[in-house]
Every structure is written in C-alpha cells, then in structure tokens.
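Here my numbering is used: the first residue of the sequence shown is 25, the next is one more, and so on. For glycine and all other residues, C-beta sits at the position ideal for the given N, C-alpha and C. Every value quoted in this text rests on a predicted model; they were computed, and no experiment measured them.
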Amino acid sequence: MSIVRFSSLRQPLDRVFLADRLHGARSYKRIAGYFRSSILELVGEQIEDIPDVRIVCNSELDPQDVMVSQAARNVALKERWNQEPLEAEAFFHAEKYQRLHALLVSGRVHIRVVPKDKVFLHGKAGVITLADGQRTSFLGSINESKLAFTSNY
C-alpha cells in the first residue's frame, strides 16, 4: 500500500480528486460538518452509481434539502411518488433536488444528521472503496458541498 499526498493547491479537488476517485466506487462513507445537495452538481452521476453512500453531518442543513429529504422519507413510507407535499414539489425542477430525492428514495444514499443539542461535528474525512477493494481515504477542511470542493483549500 502506498500513500499519495494530494494538494488542492496543485489540482482541483472537485474533478481531479473527488470525481475521479468516486468513479466505479462500491461505497462512499463521509463525515462532514456540513452537507449540501450542491455536491450532486459536481459528482451526482458518480454517486448515483455507488450502491452504498453514507454521510454524517451537522444539523445546519439547507431548508430545501430538508424538504426534499422529508418528501423522500414520505415516499418511502407511502410508496407513492405523487403524494409529495406541495412545498417540496416546487424544488424538484432543480436537478440537484431531483437527484437528491431519487438517491434517498433508492435507499443507496443515507444521510444521518447529528442533533444540534448533542455535539457539533467538525471533523471532515471520507473513505471511498472501489469494486476491487482498493480504498482512498481523505482528511481535510472540506465539507460535503459544491462550494467546498470548488473553492476551498
């Protein structure tokens, strides 16, 4: 096993690191202070192909992401797409919300939120496992959002 150091000062995190590593993955496990569905604008296609995605994040979520996840939970409970709350339907025209909804309903993506009154989650790490068992793990200051992977160091 070898350790390869990656620096966002030399290569873009979103394309050269995350998208490349997620291609062909069988699992993606992530802990991040913040989750935003905007990450799906960067690597949504790759995540759609991963059978097991698990994300743990803080409770400071985007209100639209919460509405979409609640609608997905309701679909799973009712097993009916056309019973979405009207307020959630307004967001489904955006591709990232459609993708988030589909991933949550599929059961392949699980997002767990740490209650605000319990602890503030600040650690950021991830493990990507490929079909052949090879793993990539990473640590850093990057949250699970488009802005973090495109703009942060």
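In the three-state DSSP reduction, residue 120 falls in the helix class (H, G or I). In the DSSP secondary-structure assignment, residue 59 is bridged to 168.
Under a 10 Å Cβ-count criterion, residue 38 is classified as buried, with 16 or more other Cβ atoms of the shown protein chains found around its own Cβ. Per the coordinates, the alpha-carbon of residue 138 lies some 8 Å from the alpha-carbon of residue 144. Under the Cβ criterion (8 Å, minimum of three pairs), the region 125-138 counts as touching the region 58-76. Look at residue 149 here: in three-state DSSP terms it is strand.
Note on geometry: alpha-carbon atoms of residue 77 and residue 56 lie some 13 Å from one another. When rounded, the separation of the alpha-carbon atoms in residue 30 and residue 175 is 16 Å.
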